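For the record, the sequence lines run as chains Z and D.
Read left to right, the first sequence gives residues 1 to 313 (our numbering).
Read left to right, the second sequence gives residues 1001 to 1313 (our numbering).
Glycine is no exception: its CB is placed at the ideal position from the N, C-alpha and C atoms.
Quick caveat, the model's predicted, so the values are computed rather than measured.
Protein chains: 2
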Amino acid sequence: MREVTCFGKATVANFSCGFDVLGFSVEKPGDTVKLRKTEQFTGVKITVISGTDRLSSDPERNTAGFAVLKYLELFNLDNIGIELELWKDMPLGSGMGSSAASAAAAIRGIDKLFGERATDRQLLEIGMACEKLACGSAHADNIAPSLFGGIILIRETDTEDFVRIPVPKGLYCMIVHPDIVVNTKDSRNILPEKIPLEQAVRQWANIASLISALYQGDFDLLRRSLTDYIVEPVRRKLIPCFTEMRHIALQDDLFNLSISGSGPSVFSLSDSEDKLFHAAEKIKRLLCQNGIRSQYYISELTGKGSEIVDCEV
Amino acid sequence: MREVTCFGKATVANFSCGFDVLGFSVEKPGDTVKLRKTEQFTGVKITVISGTDRLSSDPERNTAGFAVLKYLELFNLDNIGIELELWKDMPLGSGMGSSAASAAAAIRGIDKLFGERATDRQLLEIGMACEKLACGSAHADNIAPSLFGGIILIRETDTEDFVRIPVPKGLYCMIVHPDIVVNTKDSRNILPEKIPLEQAVRQWANIASLISALYQGDFDLLRRSLTDYIVEPVRRKLIPCFTEMRHIALQDDLFNLSISGSGPSVFSLSDSEDKLFHAAEKIKRLLCQNGIRSQYYISELTGKGSEIVDCEV
């Protein structure tokens, strides 16, 4: 195989009551990475970055490029030359796992190019190294769902112990991205070091019933479980119109509305795509009235991760 | 129906990382309650309490008697006389849900006597009122599994929102009861009001993967998930030989060892009944060497709650 094109999916980390441990992938938005073998040089060269001018074209400082470098290193693939094109189709710093989507696309792509020789664990290890490059910490709750698809629980980051949670049929997600900047450091620093035990108990009751609802495909229980008592009450202050957006979501019978990643994007789930479109339009208008541009993305949760979209032999 | 005999099962509440929200029932030990309709009087009379001299025979102050009173009240069953015998076959204050076992037996029994007219929610409401009488708070993590059987998640106590978690086949439980007194108030007061967010995150990752392991019947994941980072490190100080008992459990390849309820009983799970018997004997010897008498109970988790064992028409 000479050339491969791969689509890397956006993800929602900090899935409601599952702060830091639960994330899922969506069908859109996402990034596209094209990888081409070349004999012109050895190493990795990023020839195109489209959709942003904020990313480095130095492969050591770009998650897609770094993923390819790490892969070649892991399998001792010397004397190989790779041209990389990165077509970003999602905003940076949006809370939708932008760096992970680029990395996942590159990882899936390079693995395809070299005969899919990596294990899931190896794919994840490379992905986590990319996240460390992008965010300073090797968290897995974006990269794992972007790589493997569906809903992923990270039981323990250090040991890369993750669990695939089943995705019930007929579950849809809306992500709304308000076009503002939330500093990731602010959203980290705002978190309390200690939390009341009583609240923690309510939180772990909710994540336990959330997992149960996903296994059972019980949407009523899912709806009741989607409350984050710990992180959201602190972080929502960084997101303009959060309370009003939630009000719209509840009015439109969605399964609550929560922060995607560390924001500023927010997301809602529902068993009805129509209800999500209806609410998304209202939220877009609300944000617009407050002087904030926004985009929204609605897709069914399919359980599929980042995918090869084209190959040339 | 004139007479009914019901067996109320012991329960393990505070199931590892599921402090305050997760409990399960075991096949033994338990309490037996016999209820007999009589025309000699109206109201409830406790005619026998066997196995302890520490319980009141005033039905208003005894969970079995109180359960019957509450049931008759709920269904406006006036002019009814009930004789109640309570055969306790488990220690009080042991951390095995003794008050709940008596209440569950009485609730199931009286409901059988009057044609099983109560809904699950009504049964639970009565049970929680009994727990409030016995322990001062209407918690559900003993009474719900004792009534309904299996592994029960209490998502929210106030709204009595509980979830039945599937019991995988071939899972066995050992409970060891060291014959010492742990004051429930001490074990409450010793808990911190606030806990580090980082530890809480590890805890809810574990309960999420515990639930997942139970749905999947994945005993490896179950074993990895059974760590309580929050409550056990504090409470184990109240239980003599805790570290040594755990050491034996791990040496014998059991799925960790944790506190049952608020102690002093401890429990372990395993897919091998033999391994549990082997470890239980070693733990009994260890406790004996430290001057502590103990009993142990081993049974398969069946998913069955408190059961009618005899009826007379």
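- When DSSP states are grouped into helix, strand and coil, Asn1256(D) belongs to the strand group.
- Annotation: Cβ neighbours of Ile165(Z) in chain D (cutoff 7 Å, chain order): Ser1212.
- At a cut-off of 8 Å, the C-beta of Val1201(D) has a neighbouring C-beta in chain Z.
- Counting along the chain, the unbroken alpha helix (DSSP H) around Gln1251(D) starts and ends at Phe1242 to Gln1251.
- Straight across, the Cα-Cα distance linking Met174(Z) with Leu301(Z) is about 10 Å.
- Around Val234(Z), the same chain offers Ile190, Leu191 and Pro192 as residues with beta carbons nearer than 8 Å, after the five sequence neighbours per side are excluded.
- Counting only Cβ-Cβ distances below 8 Å, Leu1022(D) has contacts in chain Z at Ala208, in chain order.
- Secondary structure within the segment 1005 to 1077 of chain D: the alpha helix (DSSP H) runs of 4 or more consecutive residues, fully enclosed, are 1063 to 1074 (chain order).
- Judged by their CB atoms, Ser16(Z) and Asp228(Z) are nearer to each other than the 8 Å cut-off.
- Within the same chain, Thr1052, Arg1054 and Ser1098 come within 7 Å of Leu1092(D) by CB-CB distance, once the 5 residues on both sides are set aside.
- The segment 12 to 30 of chain Z makes contact with the segment 148 to 155 of chain Z: 3 or more CB pairs, one atom from each, lie closer than 8 Å.
- Lys1185(D) sits in a helix when the DSSP states are folded into three classes.
- Of all alpha-carbon atoms in Asp1158(D), Ala1208(D), Glu1160(D) and Thr1063(D), the one lying nearest the alpha-carbon of Leu1221(D) is that of Ala1208(D).
- The segment 289 to 309 of chain Z makes contact with the segment 98 to 118 of chain Z; the number of CB pairs closer than 8 Å reaches 3 or more.
- When Tyr1071(D), Ala1144(D) and Arg1117(D) are compared, the shortest CA-CA separation from Ala1101(D) is found for Ala1144(D).
- Within the segment 1058 to 1071 of chain D, no residue has a Cβ lying closer than 8 Å to any Cβ of chain Z.
- The continuous stretches of beta strand (DSSP E) do not include His1139(D), and DSSP gives it neither H nor E.
- In chain order, Glu193, Lys194 and Ile195 make up the part of chain Z whose C-beta sits under 9 Å from the C-beta of Pro1196(D).
- For Val201(Z), the enclosing alpha helix (DSSP H) starts and ends at Leu197 to Gln216.
- Going by DSSP, Gly1081(D) is part of the beta strand (DSSP E) stretching over Gly1081 to Trp1087.
- Two segments are said to touch when three or more pairs of C-beta atoms, one from each, lie closer than 8 Å; by this definition the segment 1235 to 1247 of chain D does not touch the segment 1155 to 1172 of chain D.
- In its chain, beyond the 5 residues on either side, Thr63, Phe66, Ala67 and Ala103 have a beta carbon closer than 6 Å to the beta carbon of Cys130(Z).
- The contact set of Tyr1215(D) on chain Z, defined by CB atoms closer than 7 Å, consists of Tyr215 in chain order.
- Where Ser102(Z) is concerned, the enclosing alpha helix (DSSP H) starts and stops at Ser98 to Leu113.
- With a cutoff of 8 Å on beta-carbon distance, Met1090(D) and Thr1011(D) are scored as not near each other.
- Rounded to whole angstroms, the Cβ separation of Val266(Z) and Asn14(Z) is 11 Å, and the two are not in contact under 8 Å.
- Closest by C-alpha distance to Arg223(Z), out of Leu197(Z), Ser187(Z), Thr32(Z) and Phe255(Z), is Phe255(Z).
- At a cut-off of 8 Å between C-beta atoms, Ser225(Z) counts as an interface residue with respect to chain D.
- DSSP, read as helix, strand or coil, puts Ile1165(D) in strand.
- Within the same chain, Cβ atoms closer than 6 Å to the Cβ of Val48(Z) are found at Glu85, the five residues on either side in sequence being excluded.
- Assigned with DSSP and collapsed to three states, Pro1233(D) falls in helix.
- Residue pairing for Cys311(Z): DSSP places it in a beta bridge opposite Val4(Z).
- The alpha-carbon of Gly1018(D) is positioned some 38 Å away from that of Ile1082(D).
- Contact between Glu160(Z) and Glu125(Z) is confirmed by a C-beta separation of about 7 Å, below the 8 Å threshold.
- With fewer than 16 other Cβ atoms from the protein chains shown falling within 10 Å of its own Cβ, Phe41(Z) counts as exposed.
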